[in-house]
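*Asks:* Okay, here's the structure, questions in a sec.
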Amino acid sequence: AIFIGINPSVTKEKFYPKGAFDVNILPVTFETPVIQNLDARLILLMNYGFRSTASALISTGAELCLPYYIHRGGFDDGIPKGFYVGPGFAYTRNIYYGNSSFTAFAEPGYSFVWDDGFSLIIGLQYGQTYFKFDDGTRGQTTHFGVKVILGWWL
289 AIFIGINPSV
299 TKEKFYPKGA
309 FDVNILPVTF
319 ETPVIQNLDA
329 RLILLMNYGF
339 RSTASALIST
349 GAELCLPYYI
359 HRGGFDDGIP
369 KGFYVGPGFA
379 YTRNIYYGNS
389 SFTAFAEPGY
399 SFVWDDGFSL
409 IIGLQYGQTY
419 FKFDDGTRGQ
429 TTHFGVKVIL
439 GWWL
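Okay, so the sequence shown: first residue is 289 according to the numbering used here, each after it adds one.
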């Protein structure tokens with residue numbers, strides 16, 4: 289089974305100006321089984337930033353999560369569902385602010401699946417984001433994210 293869906297998301301970093309935020313305008317999500325109960329989920333990122341002075345394309349990148357579904361044995365229909373937990377990583381290149389970021393996180397969540405293969409996946413992410421700015425400075429901050437993914441298992 290292969291999952292295709294969307295993950296609408298909003299981002300606000302601590303160093304953004306007051307009232308500024310980004311929206312992922314390419315929220316395409318793919319998920320596929322790797323081995324029994326372990327999947328690979330890829331989310332594409334293309335963030336458009338809303339700013340009081342000049343809104344623009346802010347960053348591009350991708351996120352990879354490896355959800356392990358807590359379930360005895362395989363799934364009868366090959367579609368994973370229920371509780372999961374797994375590590376995740378994200379990389380983005382911020383064109384607007386001139387930096388690259390790497391995020392490492394843990395994500396517990398739950399995947400709801402209905403008879404027609406429609407799925408709602410809800411997860412919470414907690415970890416660290418590391419920034420490398422083009423001027424050579426570096427920084428890090430705590431990462432907290434909420435995932436809401438909608439799509440179909442094919």
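By construction, the Cβ of each residue, glycine as well, lies at the ideal position given by its N, Cα and C atoms.
#1: What are the boundary residues of the beta strand (DSSP E) that Leu438 is part of?
#2: Please report how far the alpha carbon of Ser340 lies from the alpha carbon of Pro396, in whole angstroms.
#3: Nearest to Gly415 by alpha carbon, out of Phe400, Asp422, Phe432?
#4: Give, in chain order, every unbroken run of the beta strand (DSSP E) that is at least 3 residues long and sits entirely within the region 348-383.
#5: Kindly give me the distance between the Cβ atoms of Thr417 and Thr429, rounded to whole angstroms, as I take these residues to be in contact under 8 Å.
#6: In terms of alpha-carbon separation, which member of Ala289, Glu319, Tyr304, Asn335 lies closest to Asp310?
#7: If you run the structure through DSSP and keep just helix, strand and coil, what is Lys335?
#8: Quick one: is Thr380 buried, meaning 16 or more other Cβ sit within 10 Å of its Cβ, or exposed?
#9: Based on Cα-Cα distance, which residue from Asp422, Thr317, Phe291, Asp403 lies nearest to Gly386?
#10: Should Ala378 be labelled buried (16 or more other beta-carbon atoms within 10 Å of its own) or exposed?
#11: Quick one: using the 10 Å Cβ neighbour count with 16 as the cut-off for buried, is Ile323 buried or exposed?
#12: Short of 8 Å in beta carbon distance, which residues of its chain neighbour Ser343, apart from the five on each side in sequence? Order them along the chain.
#13: Select from Glu319, Lys306, Gly307 the residue whose C-alpha is nearest the C-alpha of Gly293.
#14: Taking the runs of the beta strand (DSSP E) that are 3 residues or longer, which of them lie wholly in the region 382-428?
*Replies:* With the structure as the only source:
#1: Taken as a continuous stretch (DSSP letters only), the beta strand (DSSP E) holding Leu438 covers 426-441.
#2: Those two C-alpha atoms are separated by around 35 Å.
#3: Ranked by Cα distance from Gly415, the options Phe400, Asp422, Phe432 are led by Phe432.
#4: Runs of the beta strand (DSSP E) inside the region 348-383: 370-382.
#5: Thr417 to Thr429, Cβ: 5 Å. Contact.
#6: Just measuring C-alpha positions, the residue of Ala289, Glu319, Tyr304, Asn335 sitting nearest Asp310 is Asn335.
#7: Before going further, note that residue 335 is Asn rather than Lys in the sequence given. The three-state secondary structure of Asn335, taken from DSSP, is strand.
#8: Its Cβ being crowded by 16 or more others within 10 Å, Thr380 is buried.
#9: Out of Asp422, Thr317, Phe291, Asp403, Asp422 has the C-alpha closest to the C-alpha of Gly386.
#10: Buried is the call here.
#11: It is exposed - the Cβ of Ile323 has fewer than 16 other Cβ atoms within 10 Å.
#12: Contacts found: Tyr336, Gly337.
#13: Taking only the C-alpha atoms, the option nearest Gly293 is Glu319.
#14: Here the runs fully enclosed are 387-401, 406-421.
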